[in-house]
Amino acid sequence: MIGAQYLTRRSLLASSGVAAALLLPGCAPESSEPDETKSVALIMMLADIAIPTTDTLGAGGAETAKWVYQSLARGMRDGSLDTIVALEKELDLAVPGKGFRRAPKPHQVAALESLDRFVNGGKGAVLSPWATVKSLIFRAYYTSEVGASQELRYELVPGRFDADLPVKPGDRAWSTDANARNLDR
Amino acid sequence: MSGELQFDAIVVGSGITGGWAAKELTERGFRVLLIERGRHIEHQTDYETEMVPPWELPFRGYGDPQLWKEQYPVQSEGRYFDEWTYKHFVNDRDHPYEMDETRPFLWKRSYQLGGKSLVWGRQTYRWSPQDFEANAKDGHGVDWPIRYDDLAPWYDHVEKFIGVQGAHEGLDVLPDGQFLGQFDLTAPEIAFRDRLKKAYSGRRTLTVARSAHLTAEKEGRGKCQFRMICARGCSYGAYFSTQSATLPAAQKTGRLTLITDSVVESLQYDPATRKISGVRVLDIRSKKKTVYSSRVVFLCASTIDTIGVMFRSASAEMPNGLGNSSGVLGHYFMDHVAGAGASAMAPEFAAHTTFGNRPTPFIVPRFRNVAEKDTNFDRGYVFFGSATQRSWRSAETAPGIGAEAKTMRHAPGSWGIGINILGEALPRSENRVLLAKNGVDRDGLPQMRIEYSHGENEKKMLADAEREAKAMVGLMGPLVYSSGKAAPGGSTVHEMGGARMGKDPRTSVLNGRNQAHDIANLFITDGACMSSSASVNPSLTYMALTARACAAAEDLMKAGAL
């Protein structure tokens, strides 16, 4: 499923000549053996762009990235460690020059935004590599202590149910509300 | 050969009905042995994950997908299954069962003290008079040997003990109960109700889904704290479970003996007395087998396992299964229809929000085939629904990254409203539960085989429900999604039937007192006893039937008949 999505985007880019070099016969294929340290480093970069530090810490820390990596390794969201490899290839195609990791930050942000525009679907939809990784970054962040209880509000024991309150500007949403509770796998 | 201890009553299973049988019988003065196949879970102290925040769990609540796939492939499909609650569900690898791939049945189970009463949806409804008359009126199944009026005082009795929140609506189709307060509806829900009433000339409404949650402290139990983490176990005792309510009541009498990790292999039938003379129990830890004896036996092992005990108890005198002179044991098995529904945006409510998590949705009571048949199918359905405000979870799968998007997620998201069917399934002989020919489970017991599929009536009902759901939620805003597709059997966890009640011993297993036609001292009061399925959650009816059958057993024991 992820492979199919990747091929579609490659052929779109191939028609513009950008990816033509990669399709030439005789090109030695890159090793797709995932390297944990490198993968975690890439996830940190992406998470920092997706959820940057504002008045609260963002998602760019090692803990979040390691959680995403472990979850992919265990197949969460039908992902795998190959998802990161596939994602990096897509990102490499979306920046000019020598690949995503070494691109200047503005190019990285633009590249990720271009992939992010295609994210539109949940359970049952075909997930692109970025959609899968994004989903896990968000899960990691908003279930972390910072994300759940500082960036948003966390209440272990509400003690009451107020069925109708006015939305007050400045109030932050609950990370523990009923809608955050039903967990897709 | 005979048991180490003598009891007045043995109750098999400590779930919703077993707990009730233990409470009623001990309170009526009888010595009771309560046998639970699973492990002990002590109220409060054994709710290990109740207060754990998501960041302290290895997979933040989602759980290890690999573990779910390998050991919980069926249980992990369930609504309340997650990394906090998974130990309250069976390990599917330890307890396999058989079914055809063409008609999958998701059999959700909890083998532990309290059974599914620890993880149930707490939905609590009386059947209506129409439900008890349905089989007689349209000819599907056999006529119930009781009517609503027979059960009404027992609904009162059960509701007063367990504590039910709900709103009085005065509807014949969803009779009011003995409510202890009610939870409030949100602004979109109130608007939806008003629009339904207007659009359908008062013939459709919605009300807060009635549930076994306390709105005030009651007899040592605390009131609901609106966390909606019930299936982890609630130390407040705020929802009804064996642990929070019936077990303490039974233990208070001093007449209860409880054994756990003990599975009933079979019941011994004595043809001379035509009664159960012993209950064969396997201690799962020691592997020791013991036979216990009692004057009466209440089989409350949960629908499919109760039928399993009956088949495993076949003997020379009863070769087709215990109490199965009719031949219908295992047949006429039912599960509710689910899957069809629709959702829409509700954009007018952006200025409204909520605090706390109401642990129950709303219900649109049955409006089809009520006063008269007004569709191309028999019986009816309800809709369960909720108005939800999008949370950070929606952002997982939508465009939006960077600082501005992060800040925008501070505000509560947009409202949506969705409704989904719970529909009555007809009793059919070909839908059945039996022992599999091959295969045993971890404890050496024969596996069960489940053969279940919905029929034409259910398919027409699903199509109608999708059409109606779209029209109804469309009153609130643009349609987001709709479906008419059936969820697999087992999805509602309302499996019932297989040892049905009826007036005629040739076509039913139990009489109007839940007593086996063939065996005077055997009572079955869990879901297996049901002759039809109605369109509301069945647990309150199971509890009421149990309490009523215990009173009948008491009469018979006091009269010396048992």
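Same order as they appear, the protein sequences are chains Z and U. Under our numbering, think of the first position of the first sequence as 1206, with each following residue one higher. Under our numbering, think of the first position of the second sequence as 5, with each following residue one higher. All C-beta atoms in this analysis are idealised placements derived from N, C-alpha and C, irrespective of residue type, glycine included. Owing to the predicted nature of the structure, the values given are computational and were not obtained by experimental measurement.
For Ala254 (chain U), the closest C-alpha among the options U:Cys533, U:Ala563 and U:Ala25 is that of U:Ala25. By the neighbour-count criterion, in which 16 or more other beta carbons inside 10 Å mark a residue as buried, Glu428 (chain U) falls on the buried side. Within 7 Å of the CB of Thr1348 (chain Z), the CB atoms of chain U belong to Pro58, Trp59, Arg64 and Gly65, in sequence order along the chain. Arg552 (chain U) and His144 (chain U) have their C-alpha atoms some 25 Å from each other.
Per DSSP, the continuous beta strand (DSSP E) segment holding Leu303 (chain U) begins and ends at Lys293 to Leu303. By the Cβ neighbour-count rule, Gly1375 (chain Z) is exposed, with fewer than 16 other Cβ atoms within 10 Å of its own.
DSSP, read as helix, strand or coil, puts Thr364 (chain U) in coil. By the Cβ neighbour-count rule, Gly33 (chain U) is exposed, with fewer than 16 other Cβ atoms within 10 Å of its own. Taking the Cβ atoms as the reference, Gly494 (chain U) lies roughly 20 Å from Cys304 (chain U), outside the contact range of under 8 Å. The distance from the Cβ of Ala191 (chain U) to that of Asp1369 (chain Z) is about 5 Å, consistent with a contact at the 8 Å cut-off. Taking Arg130 (chain U) as the centre and dropping the five residues before and after it, the same chain places the C-beta of Tyr159, Pro179, Gly181 and Leu544 closer than 7 Å to its C-beta, in chain order. Nearest in C-alpha terms to Glu321 (chain U), of all of U:Val313, U:Thr357, U:Lys279 and U:His340, is U:Lys279. Using a CB distance cut-off of 8 Å, Ala407 (chain U) counts as an interface residue toward chain Z.
Counted as a single uninterrupted DSSP element, the beta strand (DSSP E) harbouring Phe388 (chain U) occupies residues Tyr385 to Gln393. Residues of the same chain with their beta carbon placed closer than 7 Å to that of Pro1371 (chain Z) are lacking, with the five preceding and five following residues left out of the count. The C-alpha of Gly516 (chain U) lies about 55 Å from the C-alpha of Leu1332 (chain Z). With a threshold of 8 Å between beta carbons, Leu1361 (chain Z) makes contact with chain U. In this structure, Gly327 (chain U) sits near Leu526 (chain U), with a CB-CB distance shorter than 8 Å. Look at Trp396 (chain U): its C-beta is under 8 Å from a C-beta on chain Z. For Ala354 (chain U), there is no enclosing alpha helix (DSSP H), as DSSP gives it neither H nor E. Residue contact check for Lys410 (chain U) against chain Z: a CB pair falls below 8 Å.
Remark: fewer than three beta-carbon pairs, one from each stretch, lie closer than 8 Å, so the region 278 to 296 of chain U and the region 227 to 235 of chain U are not flagged as touching.
For Thr1242 (chain Z), the uninterrupted alpha helix (DSSP H) run begins and ends at Glu1241 to Ala1255, by DSSP. Beta-carbon to beta-carbon, Thr209 (chain U) and Lys201 (chain U) are separated by about 6 Å, close enough to satisfy the 8 Å threshold.
At the C-beta level, Asn424 (chain U) and Phe371 (chain U) stay beyond 8 Å of one another. When U:Val477, U:Ser457, U:Val374 and U:Ala555 are compared, the shortest CA-CA separation from Thr106 (chain U) is found for U:Ser457.
A Cβ of chain U is located within less than 8 Å of the beta carbon of Asp1369 (chain Z). By the C-beta density criterion, Asp98 (chain U) is exposed, having fewer than 16 other C-beta atoms within 10 angstroms. In the DSSP annotation of this structure, Tyr115 (chain U) is not part of any alpha helix (DSSP H), being labelled neither H nor E.
Taking C-alpha positions only, Ala171 (chain U) is separated from Thr392 (chain U) by approximately 21 Å. Inter-residue distance for Ala1378 (chain Z) and Leu1341 (chain Z) is about 20 Å (C-alpha atoms, whole angstroms).
In terms of CA proximity to Lys441 (chain U), U:Phe315 leads the group U:Lys464, U:Val477, U:Phe315 and U:Ile405. By the beta-carbon neighbour count (other beta carbons within 10 angstroms, threshold 16), Ala1270 (chain Z) is buried. With a threshold of 8 Å between beta carbons, Ile1254 (chain Z) makes contact with chain U. Residue pairing for Thr1259 (chain Z): DSSP places it in no beta bridge. Distance from Phe359 (chain U) to Pro1311 (chain Z) at the Cβ level is roughly 41 Å; contact not present, criterion being Cβ atoms closer than 8 Å.
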